[in-house]
Amino acid sequence: MPKSLRQKLQPLLAGAITSSREILTRYSRDASLFTVRPQLVAYPKDAHDIRQLVLYANQHPRARLSLTARSGGTDMTGGPLNESIIIDASRHMNRLLSVGPGYAVVQPGLFYRDFEAATLPHNLLLPSYPASREICTVGGMVANNAGGEKSLTYGKTERYITALKAVLRDGREHTFRKLTMAELQQHLKPRTFAGSIYRQVWQLIEQHHDLLQRAKPKVTKNSTGYNLWNVYDAPAQTFDLTQLLVGSQGTLGIITEITFRLVTPKPHTQLLIIFLDDLKELADIVQRTLTYLPESFESFDSHTFKLTARFLPTLVKQLKAKNALSLAWQFLPEITTVLTGGTPALLLLAEFASDSAAEVRLRAQAAAAALRPFKLKTRLASPAEARKYWIMRRESFNLLRHHLHGRRTAPFIDDIVVRPEQLPEFLPRLTQIMSQYNLTYTITGHIGDANFHIIPLMDVSRPDTDDIIEELSAKVYDLVFAFGGSISGEHNDGLVRSHYLEKMYGPEVYRLFAEIKNIFDPDNIFNPGKKVGADWAYAKKHLIRKN
């Protein structure tokens, strides 16, 4: 009897590889609208195991194997879904290797919550963590170029990559870091696979530098395509291939080690809560608040507010919070508000940070005073109040995923971003589009970056689900394109958005994306069907059909 693929691969690996039906079912889903059943799931012990998988795929082209990295499974785009082999680093490759002055070296499978718990005693923080901070891994943050509540001030994960190790198509582990132009010249010389990558990427960027700079979305956050415009810094005269790997969703290679630059967090914060009964003056309120330089500026709507009250016991249990009864008691005012019908249309959370407790409170008070002409309710939150409102903001999507009945979260217009100064014109047009569909949806997001997470709550068993997704996506994305925005500020492309990249960037830039994929991965073994070569017909076939 011929050996199965699992039987052929297992002797090559120190870690396990499985074809268990239960495991394959679990790995067929992430937080997206899609389900794709893999053939195998591998749990590599180290980079050598990943090398063996890549070499086997290369040496057996007739098997048409491909490899997709995955850890936390929190991706909202279908990015870590694949019909072939899933590589999960979270079981074994999850160690913090070292922490030093302003940096940490870590394996990709470490959960962010554990990473932060280890760095904070050193007074160090990776500030680009997303709302899914309790359940995501640092490798996923790099793969998607994650951002979050502090990105308004600190930027996204791309700013914090000092070095990356990755296994590439040749089956070797390579190290990438920022190079001077003199160092680049040395990397161009070797007649090796790595040397070929450096030569071809440098030639592509040098020839198309002006086109790429024009193509870069003029927004503060972008996780679409490949970050070609960030590789060569002409003023600084540096060249950095980590900027291609960050945000590439594992389509160019498998990341095995990350060196992060970390920051010292501000010791004092003050949260200003802003309650809006309607959205008529939202754009002006945002602009007024931004002049006082909040470190974070977030938002969530009435549906999120009501959801937290409804599922409070589950939320407290899910967080495994100490003093759970005390935490639940703190939500009593919000529960009362919901029961009495006084829920605000939108809540804004503006958090100010400083080295001085007095200064940060004065700045928050000044922002509140500046908002008085709008005749809205504001409150300077106590530390306990701040904690519960951040819980509402961060945990809303996770609650929605697990507790809707007869409907499910449908993230397909979940990450649009424009410029804050465009909000007065953009928001009415967005609202008009959404009003054409009889959908309930939640809106959260990073209001300071004009980055909105719109999550429709849909009955996906309906026969018109596909039509709604296609039509509404097209209308919303065309509006975003008209404003020069991005269809993803943080969540990336995956199955849900990759087929829009040519429309967003135009055929010339999209062709450069395809060239980059071919330079790194000519046989298309790394996470195929994402970024380039995307097929919406394939994605549509894999839409979830059960609520």
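In this text, residue positions in the sequence shown follow my numbering: the first is 4, and each later residue adds one. Where is the CB? At the ideal position from N, CA and C, for every residue including glycine. Quick caveat, the model's predicted, so the values are computed rather than measured.
Secondary structure of residue i, DSSP reduced to three states
i           : result
residue 29  : helix
residue 102 : strand
residue 298 : coil
residue 179 : strand
residue 199 : helix
residue 341 : With a pLDDT of 48 at residue 341, under the threshold of 50, the predicted position of this residue should be treated as unreliable, though the coordinate-derived value follows. If DSSP states are grouped into helix, strand and coil, residue 341 belongs with the helices.
residue 2   : There is no way to answer for residue 2, as the model of the chain reaches only from 4 to 550.
residue 396 : helix
residue 79  : coil
residue 226 : coil
residue 553 : Residue 553 cannot be examined here, being either before or after the span of the chain that is shown, 4 to 550.
residue 469 : helix
residue 243 : strand
residue 461 : strand
residue 332 : For residue 332, the pLDDT reaches just 49, beneath the cut-off of 50, and the residue's location in the model is therefore unreliable, although a value from the coordinates is still provided. Helix at residue 332.
residue 483 : helix
residue 128 : strand
residue 191 : coil
residue 443 : strand
residue 310 : helix
residue 293 : helix
residue 535 : coil
residue 349 : strand
residue 15  : helix
residue 255 : coil
Residue closest to residue i, alpha-carbon to alpha-carbon, out of the options
i           : options            : result
residue 66  : 8, 244, 286        : 8
residue 364 : 384, 352, 376      : 384
residue 417 : 518, 280, 479, 514 : 479
residue 162 : 462, 447, 247, 12  : 247
residue 25  : 183, 168, 15, 41   : 41
residue 177 : 111, 275, 229, 256 : 256
residue 303 : 446, 281, 122, 225 : 446
residue 3   : 17, 237, 491       : An answer regarding residue 3 cannot be provided, because it is not within the stretch 4 to 550 covered by the chain.
residue 225 : 472, 209, 504      : 504
residue 238 : 101, 461, 183      : 183
residue 511 : 468, 207, 288      : 207
residue 296 : 157, 105, 471, 495 : 157
residue 203 : 108, 522, 460      : 522
residue 408 : 273, 461, 309      : 461
residue 477 : 454, 463, 507, 179 : 507
residue 152 : 236, 392, 468      : 392
residue 355 : 108, 308, 310, 301 : 301
residue 275 : 250, 268, 381, 358 : 381
residue 449 : 459, 414, 353, 60  : 353
residue 309 : 64, 349, 451       : 349
residue 493 : 131, 210, 362      : 131
Residue i vs residue j beta-carbon contact at 8 angstroms
i           : j           : result
residue 305 : residue 346 : yes
residue 68  : residue 87  : yes
residue 351 : residue 277 : yes
residue 50  : residue 259 : yes
residue 373 : residue 432 : no
residue 82  : residue 96  : no
residue 133 : residue 150 : yes
residue 23  : residue 222 : no
residue 78  : residue 509 : no
residue 231 : residue 515 : yes
residue 45  : residue 58  : no
residue 530 : residue 252 : yes
residue 444 : residue 471 : no
residue 483 : residue 542 : no
residue 272 : residue 395 : no
residue 122 : residue 102 : yes
Beta-bridge partners of residue i, as assigned by DSSP
i           : result
residue 448 : 302, 455
residue 499 : Looking at the DSSP assignment, residue 499 forms no beta bridge with any residue, so it has no partner.
residue 88  : 43, 70
residue 273 : 355
residue 168 : 178, 260
residue 114 : 140
residue 381 : 277
residue 236 : 241
residue 411 : 461
residue 489 : 420
residue 38  : 32
residue 265 : Residue 265 pairs with nothing; no bridge assigned.
residue 20  : 45
Assess contact between the segment 183 to 192 and the segment 529 to 548, defined as three or more Cβ pairs (one per stretch) separated by less than 8 angstroms. Is contact present?
no
Should the segment 112 to 123 be called in touch with the segment 375 to 391, which here means at least 3 C-beta pairs below 8 angstroms?
no
Decide yes or no for the touch test of the segment 193 to 200 against the segment 210 to 224: beta carbon pairs closer than 8 angstroms, at least 3 of them.
no
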